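Below is one structure, written out as structure tokens; the observations come after it.
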Amino acid sequence: MQFAVLGGFVLAAFAPLLHRWFGERTGWVLALLPGALLLWLLGQLPTVVAGETLVFEQAWVPGLEITLTFLLDGLSLLFALLISGIGVLVLIYASGYLKGHPDLVRFHVVILAFMMSMLGLVLADNLVSLFVFWELTSITSYLLIGFNHTDLEARKSALQGLFVTVGGGLALLAGLILLALAGDSWSLQELTGRGELLRGHDLYLPILLCLLAGAFTKSAQFPFHFWLPNAMAAPTPVSAYLHSATMVKAGVYLLARLSPALGGTPAWEAWLCLIGALTMLTGAFLALRHTNIKKLLAYSTVMALGTLTLLLGIGSEQAMVAFATFLLAHSLYKGALFMVAGILDHETGTKDIALMGGLRRVMPVTALCAAVAALSLGGVIPLFGFVAKELLFAAAWEGGWRDLLLPATLIAAILTLAAAAIVGIRPFFGERRELPRDPHEGPGTMLLGPVLLAGLSLLLGLWPGAAEGLVAATASSVGGAPVAASLYLWHGINGPLLLSLVSLALGLLLFRHWARWRAALRPLEPLIQRGPEALYFRLMDALVEVAEWQTRLLQNGYMRNYLVMMLLVLVGLTGVTLFARHELHLAVALDVQLHEALVVGLMVAGAVMACVLRARLAAVASVGVMGFCIALTFVLFSAPDLGITQLLVETLTVILLILVLFRLPRFARLSSPLERVRDLVVAAATGGLMTLLILQVVSIDPFSSISDYMVANSQPLGHGHNIVNVILVDFRALDTLGEMFVLALAAIGVFAMLRFHAGEYETRDRQARGEVVDD
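Structure (structure tokens):
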């Protein structure tokens with residue numbers, strides 16, 4: 001697994017070279033990697049179904065206990081199968097959909113990186129590596145959504161998706177760190193076995209809220225659902241992959257993975273059931289407003305993601321089985337439907353489903369695939385979606401929240417069936433309409449995916465027992481204990497079946513009056529437009545306004561303001577830490593010699609004179625006096641190397657200041673008396689703080705003197721009898737190297753100035769003599 005995932009990133013880097021060799025067949029070549037991984041995963045299916053867990057561990061940052069560990073159990077196996085299997089079909093589909101596109105190479109690079117990022121996310125066991133792959137999916141999905149970078153809407157939608165998911169990712173990072181601290185482990189496998197410890201921990205609620213924020217933003221839960229339909233600006237192969245098997249299910253995967261550790265509490269059930277139900281109803285309701293086929297399917301995905309979250313909130317064994325079954329069913333029919341939508345757009349020239357009709361005669365294979373996948377979306381017998389819907393109704397019936405969850409689930413099922421009928425019936429039946437292009441059947445590369453995915457939906461519907469083992473293993477991973485799954489197409493006449501019949505009848509009725517339904521919803525448009533997405537735009541505008549305000553305040557182009565801000569932050573942070581967290585020990589005996597007092601007096605006098613003098617030359621001389629006194633202080637206290645460095649740098653500084661004096665404007669007061677008082681206070685606070693810090697350092701001696709070590713080891717380790725030389729060359733080699741660089745830079749600066757002014761004076765002399773001087 002490690003070779004496949006990490007090798008996938010390497011293969012993505014070589015995609016441009018492969019495109020040179022294989023041209024339009026590159027998609028087929030790249031599909032070999034996920035295809036091989038799919039076969040390997042299928043080979044592990046019997047082992048995982050038997051209840052075993054496979055772990056592949058490789059040290060990454062051993063000092064921080066960070067490993068690149070991949071975990072293969074029922075949950076990760078199901079996701080990995082979907083990611084690799086549908087990934088093969090998407091790569092082949094894209095070779096037809098994007099045939100001749102000038103940026104096809106870039107698409108292959110990013111889609112492979114996205115695929116491997118998602119695989120790494122669902123297989124990762126270490127929290128750090130999980131977060132790394134989590135953020136990689138956000139970055140690569142941003143590049144995919146904004147693939148058509150010349151389109152303003154595509155760029156805008158890509159940024160929106162990035163901001164929402166990365167913002168949630170910051171909350172997720174905090175949650176993962178708190179989770180590791182509370183559970184005393186960075187391993188998901190170990191944390192899932194410490195559920196009682198985590199659920200009883202004082203940090204449980206902050207952990208839960210942070211993790212829910214990350215998961216809800218990633219999986220487009222209410223009120224963050226708006227970014228997902230806008231992501232339809234991406235090419236259809238991206239949409240098909242995004243919705244069926246990858247990024248939008250990452251948040252759901254995280255919740256499922258952490259369910260054994262954090263689930264079962266009232267807070268968990270309340271948040272997941274409430275947000276899941278709201279998301280389910282919102283997605284199903286908003287889907288019927290749109291005639292754009294991709295937007296309609298996107299909102300139905302929002303509905304499905306809400307359903308999966310709701311099932312995790314219910315948390316019963318029945319709900320876990322329903323979760324695994326619904327996840328598999330949704331991936332199959334949603335991937336097929338998005339590929340069908342791409343074929344319709346590609347061959348008709350429009351995404352508006354209201355303009356389509358009667359296409360079954362010219363696109364019979366596409367029509368059949370759409371019908372089968374749409375029946376599965378609507379939960380109609382004998383498709384696998386029917387099996388999943390029956391389990392969903394059964395879980396809601398027994399969920400303990402019956403008064404709320406069951407009606408919400410029924411309403412969502414009715415709206416979803418109407419949406420399925422719109423997608424599966426409206427484009428292919430009825431009268432033919434004028435279209436931008438003369439429609440015909442899509443190429444084989446684009447039909448392969450819908451045919452296989454729709455065929456699997458039908459096969460698993462007729463033979464649901466084929467998926468029992470995988471569903472049971474997934475449900476067991478989510479539930480944290482062995483769960484038995486029994487999947488049947490016919491359970492007899494019971495409550496869930498009656499609810500299915502009701503949803504079928506009312507859904508078809510709603511489909512029949514779809515135009516009236518859309519007309520009835522128009523008065524609600526102002527309210528819908530003031531929803532969460534409008535709040536997002538207001539927040540982004542406010543962010544820009546705050547950025548402009550702080551730029552005007554803090555980055556206004558005046559160096560003195562920059563210095564004041566930096567010093568205030570230094571004094572504030574360091575001062576608070578010094579006084580609030582440490583005790584001051586200032587018992588320092590002052591043993592000052594006369595010559596030392598004179599040096600200090602000269603230093604103080606130079607600093608004061610530099611501040612009060614109006615003549616620049618005198619101020620520069622005062623600064624020089626202060627600097628030379630500092631160099632003399634180094635010499636007096638046995639640091640001749642520092643003294644020499646300070647002397648050279650100070651000399652260069654004084655020379656530079658004197659040279660630029662001739663180019664400066666006349667002296668003027670640029671600050672008000674109040675500003676000068678402020679500067680005096682800031683300077684005094686900074687100087688006082690530094691004095692306290694130095695006295696504190698001198699007063700505390702937690703370690704033995706390093707001089708004893710250097711004296712003892714100068715000859716054995718440094719092989720030198722001159723201790724000073726050994727210290728400079730061996731013990732403090734990097735420090736000495738830095739001082740050498742300083743001296744070299746000082747010499748270069750002086751040399752450059754001398755050459756510059758020598759050349760300038762020579763030019764002036766030649767001009768004075770009337771000679772022609774070239775620029």
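Under UniProt numbering, the residue at position 623 of the sequence shown is numbered 623, and the numbers go up by one with no gaps.
Ideal Cβ placement from N, Cα and C applies to all residues, glycine included.
Quick caveat: nothing in here was measured; it's all calculated off a predicted structure.
By DSSP, does residue i sit in helix, in strand, or in coil?
i                : result
leucine 71       : strand
asparagine 126   : strand
serine 187       : strand
valine 592       : coil
glutamine 555    : coil
isoleucine 425   : helix
phenylalanine 9  : helix
alanine 642      : The amino acid at residue 642 is misidentified as alanine; the sequence shows leucine. Three-state result, leucine 642: helix.
alanine 329      : helix
leucine 435      : coil
glutamine 58     : strand
isoleucine 700   : coil
phenylalanine 14 : coil
How big is the Cα-Cα spacing for residue i and residue j?
i                 : j                 : result
leucine 296       : leucine 462       : 28 Å
tyrosine 93       : valine 49         : 31 Å
serine 129        : leucine 179       : 15 Å
glutamate 739     : alanine 547       : 40 Å
histidine 525     : asparagine 556    : Before going further, note that residue 525 is glutamate rather than histidine in the sequence given. Taking the straight line from one Cα to the other gives about 43 Å.
arginine 616      : phenylalanine 667 : 8 Å
glutamate 675     : isoleucine 700    : 37 Å
phenylalanine 741 : leucine 613       : 34 Å
threonine 348     : histidine 290     : 18 Å
valine 166        : leucine 205       : 22 Å
residue 824       : valine 29         : Outside the displayed span of the chain (1 to 775) sits residue 824, for which this structure offers no information.
glutamate 434     : alanine 154       : 28 Å
methionine 116    : valine 5          : 5 Å
residue 776       : valine 592        : The shown model of the chain, from 1 to 775, leaves out residue 776, and the question about it has no answer.
tyrosine 253      : alanine 744       : 58 Å
proline 382       : leucine 32        : 33 Å
alanine 712       : serine 704        : 13 Å
leucine 554       : aspartate 541     : 20 Å
leucine 453       : proline 464       : 15 Å
alanine 319       : leucine 391       : 8 Å
glycine 601       : leucine 567       : 25 Å
Just tell me which of the options has its CA closest to the CA of residue i.
i                 : options                           : result
methionine 356    : Leu344, Ile92, Leu288 and Ser259  : Leu344
threonine 137     : Phe9, Leu71 and Leu674            : Phe9
leucine 305       : Gly276, Ala322, Ala319 and Leu328 : Gly276
glutamine 646     : Cys629, Val660 and Ile658         : Cys629
phenylalanine 649 : Ile748, Ile414, Arg199 and Leu328 : The question names phenylalanine, but residue 649 in the sequence shown is valine. Among Ile748, Ile414, Arg199 and Leu328, the Cα nearest to that of valine 649 belongs to Ile748.
tryptophan 271    : Pro229, Asn292, Met247 and Phe216 : Phe216
aspartate 184     : His201, Ala684 and Glu583         : His201
methionine 446    : Val387, Glu533, Val365 and Leu745 : Val365
leucine 359       : Leu288, Glu431 and Gly335         : Glu431
methionine 363    : Arg678, Met710, Asp541 and Phe429 : Phe429
residue 776       : Leu383, Leu460 and Ser376         : Look at the range of the chain in this structure, 1 to 775, and you will see that residue 776 is not part of it.
alanine 341       : Glu596, Gly378 and Ala298         : Ala298
Exercise for the section: Go through the region 448–497 residue by residue and report every complete run of the alpha helix (DSSP H) that reaches 4 residues or more, in order. Expected result: 468–479
Practice task
Please list the segments of the alpha helix (DSSP H) lying wholly inside the region 346–411, counting only runs of 4 or more residues, in order along the chain.
Solution key: 364–378 and 384–397
Problem - Complete beta strand (DSSP E) runs within the region 247–298 (minimum length 3 residues, chain order) - result: none
Practice task
Spell out a yes or no on whether the region 39–53 and the region 93–105 are touching, meaning 3 or more CB-CB pairs, one atom from each, closer than 8 Å.
Solution key: no
Exercise for the section: Please list the segments of the alpha helix (DSSP H) lying wholly inside the region 75–147, counting only runs of 4 or more residues, in order along the chain. Expected result: 104–123 and 127–145
Problem - In chain order, each alpha helix (DSSP H) run of at least 4 residues that lies wholly inside the region 502–560 - result: 514–521, 525–529 and 532–554
Problem - Three or more C-beta pairs below 8 Å linking the region 497–506 and the region 193–205 - result: no
Problem - Contact the region 435–448 vs the region 313–327: 3+ CB pairs below 8 Å - result: no
Problem - alpha helix (DSSP H) segments (min. 4 residues) lying fully within the UniProt domain "MrpA C-terminal/MbhD" (602–666) - result: 616–636 and 640–661
Handout entry: the region 74–94 contacting the region 105–113, beta-carbon criterion three pairs below 8 Å
Key = yes
Problem - Complete runs of the alpha helix (DSSP H) confined to the UniProt domain "MrpA C-terminal/MbhE" (675–757) [at least 4 residues] - result: 706–718 and 723–726
Exercise for the section: Examine the Cβ distances between the region 318–327 and the region 468–487 and report whether three or more of them are shorter than 8 Å. Expected result: yes
Problem - Cβ contact check for the region 368–379 and the region 414–433: 3 or more pairs under 8 Å - result: yes
Exercise for the section: Check whether the region 263–270 touches the region 331–345, counting contact only when three or more Cβ pairs, one atom from each stretch, lie closer than 8 Å. Expected result: no
Exercise for the section: Tell me, please, whether the region 70–79 touches the region 13–21 by the rule of three or more beta-carbon pairs shorter than 8 Å. Expected result: no
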